[in-house]
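For the sequence shown, position 123 matches number 122 in numbering that gives the first Met the number 0, and the numbering has no gaps at all. What follows is one structure encoded as structure tokens, with my remarks underneath.
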Amino acid sequence: MASVGKLAASILSADLAYLADQVKLVHEHAEVIHIDIMDGHFVPPIALGTVVVASLRPHTDRTMHGHLMVDAPESYFEELAEAGLDVVSFHHEAVAEPVTSIDKARSAGLRAGVTLNLETPVGEVFPYLDHVDDVMLMSIKPGWSGQVLDPEVYPRLEAVRAEIDRRGLEVDVEVDGGVKIDNARRAVEAGATVLISASGIFQASDPAENARVLRAIANGEAA
Ligand code: DX5
Ligand code: ZN
């Protein structure tokens with residue numbers, strides 16, 4: 000069981016004109032930089048992409064995790080790996096054969112995870128749970144930062160965590176959307192090992208301090 004919790008800082012609500020500086024603000028506390036990639040088809044907005052990964056790579060030694068909210072995610076794996084991405088998560092809803100997509104990500108040199116929308120039964124990931132490095136559960140409608148976490152995600156986190164533990168797997172459970180200091184502990188208690196936060200960090204008056212507190216909560220420490 001993955002026991003050390005992590006914080007992923009999602010740059011979607013950072014000031015992108017100063018991206019490297021924004022990321023450095025939270026370096027001390029965030030093990031992961033979460034990069035939301037949207038194609039305007041799988042979700043309405045377009046956002047970020049390979050050039051952002053390549054631009055940021057020389058400025059951070061943190062794990063760079065791409066969250067692909069795109070159709071046909073496999074077509075981007077090679078270029079994202081070349082740009083310096085470390086981990087890719089695609090949506091379960093976007094692929095026909097998740098295990099094939101995971102194998103393609105690994106062949107490109109990436110670690111691989113899967114993301115589930117709130118409407119997708121969590122049991123759909125169980126048949127291939129032993130193939131993934133992480134499972135990311137959306138706690139909002141994907142596409143936008145700044146929404147409120149849907150409490151429906153808590154029993155979903157519990158169900159995925161219980162299945163991972165029952166099978167003795169080393170799979171991270173991530174929660175994405177609306178994670179703030181006041182609800183983060185509940186998400187960790189439900190089984191999340193990685194807290195993802197954009198506005199909870201970058202829209203705060205003191206991003207480094209919010210990142211510090213969220214990281215402590217992720218790791219089960221008193222904040
Ligand atoms: C939304 C993205 C999230 C987003 C979270 O589609 O997947 O990662 O950046 O933003 P907050 O933390 O503001 O809800
Ligand atoms: Zn995301």
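Think of the CB as a built atom: it goes at the ideal place given N, C-alpha and C, for glycine as much as any other residue. Note that this is a predicted model, so its numbers are computed, not measured.
For the options V25, D132, L213, L15, the alpha carbon positioned closest to that of P97 is the one of D132.
Looking at the DSSP output, R110 sits in a beta bridge with V86.
Ranking S198, A95, D14, A189 by CA distance to the CA of A7 puts S198 first. Counting of Cβ neighbours within 10 angstroms places T99 among the exposed residues, the total staying below 16. Ordered by chain, the residues meeting the criterion of a beta-carbon within less than 5 Å of a non-hydrogen atom of the ligand ZN are D35, H66, D175.
Under the three-state reduction of DSSP output, A95 falls in the coil class, being neither helix nor strand. Per DSSP, the unbroken alpha helix (DSSP H) holding L18 starts and ends at 18-25. Residue environment: Y17 is assigned as exposed (fewer than 16 neighbouring CB atoms within 10 Å of its CB, all protein chains considered).
Within the region 160-197, the runs of beta strand (DSSP E) that reach at least 3 residues and sit entirely inside it are, in chain order, 171-175, 193-196.
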